[in-house]
Every structure is written in structure tokens, then in C-alpha cells.
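First residue of the sequence shown? That's 170 in this note's numbering, and the numbers climb one at a time after it.
C-beta atoms are modelled at their ideal positions from N, C-alpha and C, and glycine is treated no differently.
Report on one structure; see the data block that follows.
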Amino acid sequence: MSIKNTERNKKIGAVMVVGGGIAGMQAVLDLADSGFKVYLAEETEAIGGRMSQLDKTFPTNDCAMCTISPRLVDVDKHPNIEIITRTKILSLEGEPGRFRAKILKSPCYVDTELCNACGDCKEVCPVKTENSYEQGLNHRKAIFKQYSQALPNAFAIDKNPRPPCVRACPAGVNCHGYLALTAEGKFAEAVKLIYERNPFISICGRVCHHLCEGECHRQEYDEPLAINPVKRFPGDWSIEHPEELKNVFEKQRRRDREDNYKEDNRKHKIAIVGSGPAGLTCGLDLVKAGYSVTIFEASSDFGGM
Numbered sequence: 170m171s172i173k174n175t176e177r178n179k180k181i182g183a184v185m186v187v188g189g190g191i192a193g194m195q196a197v198l199d200l201a202d203s204g205f206k207v208y209l210a211e212e213t214e215a216i217g218g219r220m221s222q223l224d225k226t227f228p229t230n231d232c233a234m235c236t237i238s239p240r241l242v243d244v245d246k247h248p249n250i251e252i253i254t255r256t257k258i259l260s261l262e263g264e265p266g267r268f269r270a271k272i273l274k275s276p277c278y279v280d281t282e283l284c285n286a287c288g289d290c291k292e293v294c295p296v297k298t299e300n301s302y303e304q305g306l307n308h309r310k311a312i313f314k315q316y317s318q319a320l321p322n323a324f325a326i327d328k329n330p331r332p333p334c335v336r337a338c339p340a341g342v343n344c345h346g347y348l349a350l351t352a353e354g355k356f357a358e359a360v361k362l363i364y365e366r367n368p369f370i371s372i373c374g375r376v377c378h379h380l381c382e383g384e385c386h387r388q389e390y391d392e393p394l395a396i397n398p399v400k401r402f403p404g405d406w407s408i409e410h411p412e413e414l415k416n417v418f419e420k421q422r423r424r425d426r427e428d429n430y431k432e433d434n435r436k437h438k439i440a441i442v443g444s445g446p447a448g449l450t451c452g453l454d455l456v457k458a459g460y461s462v463t464i465f466e467a468s469s470d471f472g473g474m
């Protein structure tokens, strides 16, 4: 027998189980105990399936969580089991013993190696959304853990694609973010978020022609959200409360110094003519990128028109 035929007939010593419900968990445990390397692919953020949503099971009327909890622990501790969450199967090809699966894994936006599921992030998150795990009967935060005993034992972020208001903004300001922060009374955090893309909040809050409002889906029902006036408010608030911004911006300044400023670009000098909002913003972005910038202005004061 040739080496080529031997390799072709060689079986793959790994198994993939799709679905992390009670049946899927029992299947991976049986396979892993038999010596196989097992991959458990689950579409949601945690395994447990529908049984984790139930109080009692039919027809025995046993406690649902009491039934799946031992399996959750066993799956978590078994060395032959690897859990892959937020996963969809795109294709499955081959034959018994030599299947090849193509999967799409969506990010959870949280480092599961560092997350200890303390829940502090949930307390400060300003965004609320419908709780699909509870069948939409209540709300949860955008960063969440499906249920207390959920596995993997880490939080995940439910992040939607970029909304039309953000796509329409020439500066790419996160409109959703600062609207949510302002609604929660976190004005300093809203200023910091806007400042990441636009350092002249009060000015642009007055002269901006707010393309974001023209793309707001709310206008299909009544009127678009007043995004521009809301942006103007935290800018004016920051002028009256400079001390409250200090702690919020200290961490940002430290990050700018450590990550964004590149000393190797200081030899490149750039001149900017005009000190309006566009010129000043351009200068700030170039300095963050590590360049030496000089701004020239014809009048005696900066600020433009």
C-alpha cells in the first residue's frame, strides 16, 4: 500500500458537536471520555440550550438547572473538550472519518482569558437592550452574561453593525455612544467619547449641518433624534465643569503618550495653513500620529470663522 493511500484513509481523531444544549453536552462528554478531541460549536454566547431557560423539566418535573449544572462543570473541566461560542457552520464536506468543517466565529469583544465575570462592566454600561434569553420580557445591558451559571464564565458584548448616523458623520463620531452616556448623566464620559474623533465639541455642535439626523431611522415614525443639540450640551457642560473632566481624561492622556505618539516620526515636519476647526483637528491628529506640526494663521487669534 502506498504512503499516499495510507494518508488518505487515515481517520481524523477529533469530533465536532454542533449545539450546546443538554444533548450536545452529554454527547461531548461521552466522546471525550472515549479519548476523542471534541469541539463543541454553539451559536449563542454560552452553552446550556433551552433547558437553562426552564424551571422544571417534563415529564419528571425535575429541576432543570440541577440537571445541567453537573454537565456544565464536567464540560468545563474536561481536557479533551474545547468550546467555540458565537459560531455558525458555513459548510461541511468529506466522508465519515474525514469531514472538514468551515465555521464562522463572531467575536465576543471581551478577552475571556482576563474576564473573571465580576459584573462590574455591567453596572457601568449605559446601553440597555431587549433580553432575548428572557423572551423579551425584560431588558439587559449591552455587555452581559446569559445566566449566572453560563459557560464560558465570561461576559460578552452584543454589538450591532455601525448605525446609519455614525456612517453619515464625516468625523465618524459615535452618536449612539454619547447619546446613551448623556441619557445616563455621564457627561464627562460623553465628552471623552466625542473628543476621540472631534476635539471641538461646542463649536461643531453649533456649526455642524448634522448629516447624522438626516439618516436617523426615527424620522420614519415622527422626527429624528436631536443628535446635534445633545452633542452641544456636554461640550458646554465641560466648560463649566473642568475639574470633573480631569480624572476622565488622565487615563486617555496616558494612553495617547504610550500608544499613539510615535517619536520616530518627529523628524517629519508638517505645516498647516489656517486655524479653523478643520486645521486644528488635523494638527491634533497628526501630533497623535507622531509628527511635528506648525499651524499658521493670518489673523491674531486662532479659531477661524
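Judged by pairs of C-beta atoms under 8 Å, the stretch 400–412 touches the stretch 371–378, as three or more such pairs exist. Within the same chain, A215, I216, G217, L241, V244, D245, I252 come within 8 Å of L320 by CB-CB distance, once the 5 residues on both sides are set aside. By the neighbour-count criterion, in which a residue is buried when 16 or more other Cβ atoms sit within 10 angstroms of its Cβ, I258 is exposed. Restricting attention to T450, R309, S469, the CA atom closest to the CA of G288 is found in R309. For a cut-off of 8 Å, the C-beta gap from F268 to C290 is around 38 Å, too long to register as a contact. The DSSP assignment places complete alpha helix (DSSP H) segments of no fewer than 4 residues inside the stretch 333–415 at 333–337, 344–352, 356–364, 370–376, 380–383, 396–409, in order along the chain.
A distance below 8 Å between beta-carbons, with the five flanking residues on each side excluded, links K206 to the following residues of its chain, in chain order: G182, A183, V184, N249, E251.
Within the same chain, A270, K271 come within 8 Å of S260 by CB-CB distance, once the 5 residues on both sides are set aside.
Boundaries of the beta strand (DSSP E) around V186: 183–187. In the assembly as shown, S469 is an exposed residue. Its beta-carbon has fewer than 16 other beta-carbons within 10 Å. The C-alpha of A210 is placed about 46 Å away from the C-alpha of P398. Looking only at I312, E282, T298, S317, the smallest Cα-Cα distance to S238 is reached by S317.
Within 10 angstroms of the beta-carbon of L283 lie fewer than 16 other beta-carbons, which makes it exposed. Classified as buried, Q315 has 16 or more neighbouring CB atoms from the shown chains inside 10 Å of its CB.
Where E292 is concerned, there is no enclosing beta strand (DSSP E), although the alpha helix (DSSP H) around it starts and stops at 289–293. CA-to-CA, the gap between F471 and G354 works out to about 32 Å.
In this structure, the straight-line span from the alpha carbon of V335 to that of N230 is close to 50 Å.
The residue from P339, K400, Y460, H437 with its alpha-carbon nearest to that of L362 is K400. For L209, there is no enclosing alpha helix (DSSP H); the enclosing beta strand (DSSP E) covers residues 206–210. A straight line joining the alpha-carbon of K274 with that of D224 spans about 30 Å. Note that the C-beta distance between G445 and I464 is not below 8 Å. The beta carbons of M234 and G190 sit no closer together than 8 Å. Under the three-state reduction of DSSP, F313 is assigned to strand. Taking the Cα positions, K415 is about 21 Å away from L348.
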